[in-house]
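Remarks on the structure that follows.
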Amino acid sequence: MNISVNHRAIRDFNELAELVTDEVANFCVQWKKGLDELLDENVRLLIYMRRYGYEVKYHFENGRLNWLFQLELYYPNQSPQFEGKITYIKIHKFATLPMYQGNGSKVFEHLLNCTQAFGGLSMIRLRSVRTAVSFWKKQGFQELEKTEELALNQDCEKIPQMLKNYKFVYVIKPCNCNSCQSYH
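Per our numbering, residue 8 is the first one in the sequence shown, and the count goes up by one each step.
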């Protein structure tokens with residue numbers, strides 16, 4: 008399976024599902040499988056349990072290619088309505104080197120397909136270096152400060168406090184928490 012959780016090698020899906028939630032296990036297996044197919048490799052996926060949810064890392068380097076993806080999967084900030092469900096993803100690191108070969112778009116499209124495992128997911132957030140802003144905008148991310156039609160409720164019950172400064176947002180679907188329902 009080539010997956011580890013908190014430095015523990017995982018033998019099969021059942022063992023993975025015992026350590027993480029079913030939705031996270033499904034996401035991680037699908038995420039790894041698609042990336043392995045794109046690279047034609049079998050790369051170890053690392054999962055770390057964090058107080059906010061999970062950190063998921065995938066890194067491959069062979070001298071010619073260097074792919075690094077680090078995602079943070081967040082539980083809701085304060086909403087018991089979504090307890091135990093991943094509601095936000097933060098892209099912490101996203102690199103497909105060499106650049107300008109179309110791999111980044113393929114990987115992001117694969118990420119969007121994998122997020123269907125998360126029924127409560129509303130948004131993906133990130134910060135971006137200046138050189139990557141155009142890439143993220145092409146993928147459909149919006150910059151909160153420059154987009155008036157993307158009015159987000161800052162009191163949303165799902166959004167973790169630590170993600171409020173992440174100004175690039177990809178909306179999966181409108182938030183359905185009680186606070187956002189009354190906001191719109």
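For each residue, glycine too, the CB sits at the ideal point set by N, CA and C. All values derive from a computational prediction rather than experimental measurement.
For residue 45, the enclosing alpha helix (DSSP H) covers residues 29–46. Taking one beta carbon from each stretch, the stretch 62–70 and the stretch 39–48 have 3 or more pairs nearer than 8 Å; the two touch. The straight-line gap separating the alpha-carbon atoms of residue 112 and residue 25 is approximately 33 Å. Short of 6 Å from the beta carbon of residue 12, and not among the five residues preceding or following it, lie these beta carbons of its own chain, in chain order: 26 and 54.
By the CB criterion at 8 Å, residue 163 and residue 38 fall outside the cutoff. For residue 102, the enclosing beta strand (DSSP E) begins and ends at 95–104. Secondary structure of residue 135 (DSSP, three-state): coil. Counting only residues of its own chain and dropping the five nearest sequence neighbours on each side, residue 139 has no CB closer than 6 Å to any other CB. Taking 8 Å as the cut-off, the Cβ atoms of residue 82 and residue 96 do not count as close.
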